[in-house]
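A quick write-up on the structure given underneath.
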Amino acid sequence: MKPADIAPEQGAWHARSGEETCVALATGLDGLSRDEAARRLERFGPNALPPAARTHQVLRFLAQFNNALIYFLLSAAVAAITLGHVIDGAVIVVVVLINAIVGFIQEGKAERALDAIRDMIAPHAVVVREGERHTLDTREIVPGDIVVIEAGDKVPADLRLLRARGLSADEAILTGESVPAEKTEPPVAPDAALGDRAPILHSGTLVTSGQGIGVAVATGSQTEIGRISGMIGAVQTLTTPLLRQINAFGTRFTWFAIATGALLFAFATVFRGYDWLDALMVVVALAVGVVPEGLPAVITITLAIGVRRMAARNAVVRRLPAVETLGATSVICSDKTGTLTRNEMTVRHLVTAASVTEISGLGYAPEGRFQAPDGSEPAPEPERDALIGAGLLCNDARLVERDGHWTVLGDPMEGALVATAAKSGLHPETERALWRRLDEIPFDAQHRFMATLHDDPQGARRIFVKGAPERVLAMCATQASGGTPLPLDPDYWQARIDACAAGGERVLGFATLAVDPETERLGFDMVETGLTFLGLAGFIDPPRDEAIAAVAECRSAGIAIKMITGDHKGTAAAIARQLAIADDPKVLEGAALDGMPDETLRRVVEEVSVFARATPEHKLRIVDALQANGHIVAMTGDGVNDAPAVKQADVGVAMGRKGTEAAKEAAQMVLLDDNFASIVAAVHEGRTVYDNIRKVIGWTLPTNGGEVLCVILAILLGLTLPMTPVQILWVNMILTVTLGLVLAFEPPEPDVMNRPPRPRDAPILSRFLVWRIGFVSVLFMLGAFGIFAYAGMRGYGIEGARAMVVNTVVVMEIFYLFNVRYLHRSSFSLIGAMGTPAVLGAIAVVVAAQLLFTYAPFMHELFDSAPVAPADGLVILLIGFATMVILEVEKALTRRAML
Numbered sequence: 013m014k015p016a017d018i019a020p021e022q023g024a025w026h027a028r029s030g031e032e033t034c035v036a037l038a039t040g041l042d043g044l045s046r047d048e049a050a051r052r053l054e055r056f057g058p059n060a061l062p063p064a065a066r067t068h069q070v071l072r073f074l075a076q077f078n079n080a081l082i083y084f085l086l087s088a089a090v091a092a093i094t095l096g097h098v099i100d101g102a103v104i105v106v107v108v109l110i111n112a113i114v115g116f117i118q119e120g121k122a123e124r125a126l127d128a129i130r131d132m133i134a135p136h137a138v139v140v141r142e143g144e145r146h147t148l149d150t151r152e153i154v155p156g157d158i159v160v161i162e163a164g165d166k167v168p169a170d171l172r173l174l175r176a177r178g179l180s181a182d183e184a185i186l187t188g189e190s191v192p193a194e195k196t197e198p199p200v201a202p203d204a205a206l207g208d209r210a211p212i213l214h215s216g217t218l219v220t221s222g223q224g225i226g227v228a229v230a231t232g233s234q235t236e237i238g239r240i241s242g243m244i245g246a247v248q249t250l251t252t253p254l255l256r257q258i259n260a261f262g263t264r265f266t267w268f269a270i271a272t273g274a275l276l277f278a279f280a281t282v283f284r285g286y287d288w289l290d291a292l293m294v295v296v297a298l299a300v301g302v303v304p305e306g307l308p309a310v311i312t313i314t315l316a317i318g319v320r321r322m323a324a325r326n327a328v329v330r331r332l333p334a335v336e337t338l339g340a341t342s343v344i345c346s347d348k349t350g351t352l353t354r355n356e357m358t359v360r361h362l363v364t365a366a367s368v369t370e371i372s373g374l375g376y377a378p379e380g381r382f383q384a385p386d387g388s389e390p391a392p393e394p395e396r397d398a399l400i401g402a403g404l405l406c407n408d409a410r411l412v413e414r415d416g417h418w419t420v421l422g423d424p425m426e427g428a429l430v431a432t433a434a435k436s437g438l439h440p441e442t443e444r445a446l447w448r449r450l451d452e453i454p455f456d457a458q459h460r461f462m463a464t465l466h467d468d469p470q471g472a473r474r475i476f477v478k479g480a481p482e483r484v485l486a487m488c489a490t491q492a493s494g495g496t497p498l499p500l501d502p503d504y505w506q507a508r509i510d511a512c513a514a515g516g517e518r519v520l521g522f523a524t525l526a527v528d529p530e531t532e533r534l535g536f537d538m539v540e541t542g543l544t545f546l547g548l549a550g551f552i553d554p555p556r557d558e559a560i561a562a563v564a565e566c567r568s569a570g571i572a573i574k575m576i577t578g579d580h581k582g583t584a585a586a587i588a589r590q591l592a593i594a595d596d597p598k599v600l601e602g603a604a605l606d607g608m609p610d611e612t613l614r615r616v617v618e619e620v621s622v623f624a625r626a627t628p629e630h631k632l633r634i635v636d637a638l639q640a641n642g643h644i645v646a647m648t649g650d651g652v653n654d655a656p657a658v659k660q661a662d663v664g665v666a667m668g669r670k671g672t673e674a675a676k677e678a679a680q681m682v683l684l685d686d687n688f689a690s691i692v693a694a695v696h697e698g699r700t701v702y703d704n705i706r707k708v709i710g711w712t713l714p715t716n717g718g719e720v721l722c723v724i725l726a727i728l729l730g731l732t733l734p735m736t737p738v739q740i741l742w743v744n745m746i747l748t749v750t751l752g753l754v755l756a757f758e759p760p761e762p763d764v765m766n767r768p769p770r771p772r773d774a775p776i777l778s779r780f781l782v783w784r785i786g787f788v789s790v791l792f793m794l795g796a797f798g799i800f801a802y803a804g805m806r807g808y809g810i811e812g813a814r815a816m817v818v819n820t821v822v823v824m825e826i827f828y829l830f831n832v833r834y835l836h837r838s839s840f841s842l843i844g845a846m847g848t849p850a851v852l853g854a855i856a857v858v859v860a861a862q863l864l865f866t867y868a869p870f871m872h873e874l875f876d877s878a879p880v881a882p883a884d885g886l887v888i889l890l891i892g893f894a895t896m897v898i899l900e901v902e903k904a905l906t907r908r909a910m911l
């Protein structure tokens, strides 16, 4: 069949054999050629589901009005127009419209930013093309591609299995079955139910165990999940607990404002003799003043900016609530290899029963020499040769040279073993061809070893095992020594393991077993006992320089670091000391947790900094114990078995490079570079976002509070309103879309990582912020009435006096902005005075708008205002400066006691 004739939709693939499927798709175990793959990609299109239906732009715009605060404002506009105050009502409507337009534009930007971030963590898959394995974006997979799959992978397309080894998949999204389905190679009946199609792996399902190789039979919308893609949501929602709290607050606040307005209306008409129309306009003024209509939009923008900043620092947030939580993180539980360390493994020592051999060289370059501990040339040794051979054959990694730089395709430790074989004089691919692999047991965190079955060039067959040294030793009865195996000497090997680990080396053990030449399949029962131990390999993986600095930054920020690793106790302790994760890091092995009561564990997790030989189950218990102690926990994970702990953590962090799709699905955040420093950078940004949200709230609410107090005081004391409803709305509009927005872009305060984490239940409005809102509201009220009285003494009419009040409130807000930019330190500094480009630009817009308001005749008609003399403008500026001085003194006196 010609490649052009293939039709992936042409049959029940589960009823065909693997060979028939390959013939039908014009492919084979060596995969497609690059040219053929390109042709099929052009014909069948990208391997992606159609994009989820977006909310229509018109509906998204109308949704901006679906807010209790906006309903309240529109009701006030209707009341004003009904009473004949058409201009007042029209201005209210215009301001609400401008607010909706700003929210619509910013929400669109936030959604586009989240779409771009989702593309950054698009899943990848291992595909065989032209006989070589490549890691490709899953969107590039085409029908006929040969795909390699293993535990933790998300299946990238509908695959007909050609080879399956202990394979099972979670198909709950398709079948609803909570138990993973076992997957095998033989075909099944054509009419088999979806859940009974054992030789098919369906796109979008998760591989829970084992390994397999399959041929892609359907991609994109032709897959099983593509046919029901309506049930899959791809759009990140722009909502978080904080936004829900703000919206709930808005609803409650609206009812409070209605009740307050009704009481004021009654008081004004009954006790102050107001005409009911005038009293109703006063209530409209109250409504306009009290509503912080732009607050939800600005908080959404602040969160979206935080997500974008984190992505720029290699931390991709998958769920917006994580942005809020990151700022409160008090414990980071991190893996060691590749996260705290470089993940550039090199075999430093080979240990056999007869000798210890040192190996020079760094990284994966096959360059280096073998030497005895005293520096001399080592004597020939068959046991060492067998150990090197086992490390090469029980191994799936390959080394690739690009521009003189050697990299590994596969596991870094396996890559180091391949490099060691090359240093010894072996040609890796030639050896692997001589020792043809027949079967394998893939490595799994549960059994902690890998085993492979090979054809011996001498005509026999042999098993090689590689894994955690204590696990492999437990499977052995003898050790290689000369020509005849000797009884195993556990004490000798434990001493060697401890010696390697004490030097910060990661250790693997190797064993072998000769089997019957007729053996075709490899089972767990064949390797549980009776193996011959070959020796140990000690690997070095030095700490990342940036991780050392990041750990120090965490400690100054009051964030505890817990290293949780599968490595030996001595290795973990050595790296912990180099990283200085604690003054005297205490180490505990995972086995000690198995029988430990939960109450004891809660005490232990506070004292211990390093958990060695830990399993995924231990990770979950550690997270639970830390959370029970009140901590907010960030947990890293990369394997399928890490997913429960990652999901349980307050901030689950998956590795973008070495992490499985299962871990990424469970995580709130993905590290693009698998670097611990990126977690700390995300915490830094999370704290900045939280600070900026507090600044937005702390700056916005006093404006409204001061306006409301002006209205209430005028009613209670029978005074003239210092501002009309439309003037109040002008102030809110011009400030919210300028100064209120720039706080979302504020850079971090210098001491952001020198403060302890905030408590889990800390309210967004701290005691200091509540006090500040009340204090500034009173200050604004006094400023408004003060300048109003001053204008009267200066001979201004009511229009001119109100124009001075509007300008005074705006100027006080500008100076207050400089004060609120620093919640934890004085704003009287060169940096504080200079501001940021966003701040200076916003102030320029506000000043231009106020000049228009004050001197443009058409604005006088709209807002019942009048010009202000330049000399009185200086008085207004002095009031603004005096406001900042008062607030700086107040900040210094209260922040330490009330923050």
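First residue of the sequence shown? That's 13 in this note's numbering, and the numbers climb one at a time after it.
By construction, the Cβ of each residue, glycine as well, lies at the ideal position given by its N, Cα and C atoms.
The beta-carbon separation of P768 and G570, rounded to 4 angstroms, stays under the 8 angstroms limit for a contact. CA-to-CA, the gap between G416 and Y376 works out to about 11 angstroms.
At the C-beta level, P502 and T490 stay beyond 8 angstroms of one another. Here DSSP, grouped into helix, strand and coil, assigns V159 to strand. C345 has K574 and M647 as its beta-bridge partners, per DSSP.
In the DSSP annotation of this structure, the continuous segment of the alpha helix (DSSP H) that includes V616 starts and ends at D610 to E619. Taken in chain order, the complete beta strand (DSSP E) segments of 3 or more residues contained in the region 410 to 476 are 410 to 414, 417 to 421, 449 to 453 and 461 to 467. Judged by pairs of C-beta atoms under 8 angstroms, the region 807 to 826 touches the region 865 to 878, as three or more such pairs exist. With distances taken between CA atoms, A646 lies nearest to V658 out of D654, V658, A640 and A637.
Within its own chain, the residues whose Cβ lies closer than 7 angstroms to the Cβ of T358, once the five positions on either side in sequence are excluded, are G373, L374, G375, A428, F551 and I552, listed in chain order. Taken atom to atom, the span from the alpha-carbon of L213 to that of A169 is near 8 angstroms.
Across the structure, H26 and R172 are spaced so that their CA atoms are roughly 7 angstroms apart. When the alpha-carbon of I826 is set against those of L852, V167, L632 and E379, the nearest one is in L852.
Along the region 680 to 741, the alpha helix (DSSP H) occurs as fully enclosed runs of 4 or more residues at 688 to 729, listed in sequence order. The beta carbon of I855 lies closer than 7 angstroms to those of I826 in the same chain, with the five residues before and after it left out. Secondary structure at G178: strand, using DSSP grouped into helix, strand and coil. Excluding five sequence positions before and after P554, the CB atoms of its chain that fall closer than 7 angstroms to its own CB belong to T353 and R354, given in chain order.
Annotation: L600 to F623 spans about 5 angstroms, alpha carbon to alpha carbon.
Within the DSSP bridge table, the entry for C488 names L543 as partners.
Around the Cβ of G143, a 10 Å sphere holds fewer than 16 other Cβ atoms; the residue is exposed.
Listed in chain order, the non-local C-beta contacts of V682 below 6 angstroms within the same chain comprise I133, V328, A666, G668 and K676, local neighbours out to five positions each way being set aside. Going by beta carbons, Y828 and V764 fall outside the 8 angstroms limit. In this structure, the beta-carbon distance from V720 to V310 does not fall below 8 angstroms. DSSP, reduced to helix, strand and coil, places H26 within a helical segment of the structure shown.
Ranked by Cα distance from Q639, the options T341, Y867, Q862 and D467 are led by T341. With contacts defined as CB atoms closer than 8 angstroms, I237 and G207 fail to qualify as a contacting pair.
The beta carbon of L446 sits closer than 7 angstroms to the beta carbons of P469 from its chain, once the five residues preceding and following it are set aside; these are given in chain order. Of A409, R414 and A433, the smallest CA-CA separation from D423 is found for A409. G516: not part of any alpha helix (DSSP H); DSSP gives it neither H nor E.
The count of Cβ pairs closer than 8 angstroms, one atom from the region 283 to 295 and one from the region 722 to 739, reaches three, so the stretches are in contact.
With distances taken between CA atoms, G224 lies nearest to A210 out of A210, T235 and S233.
Closest by C-alpha distance to A334, out of V701, A860 and F545, is V701. Under the three-state reduction of DSSP output, L218 falls in the strand class. One Cα belongs to T612, the other to G642, and the distance between them is close to 16 angstroms. CA-CA distance, A323 to D650, rounds to 19 angstroms. Taking each of G717, N766 and D537 in turn and checking the Cα distance to R567, the smallest one comes out for N766.
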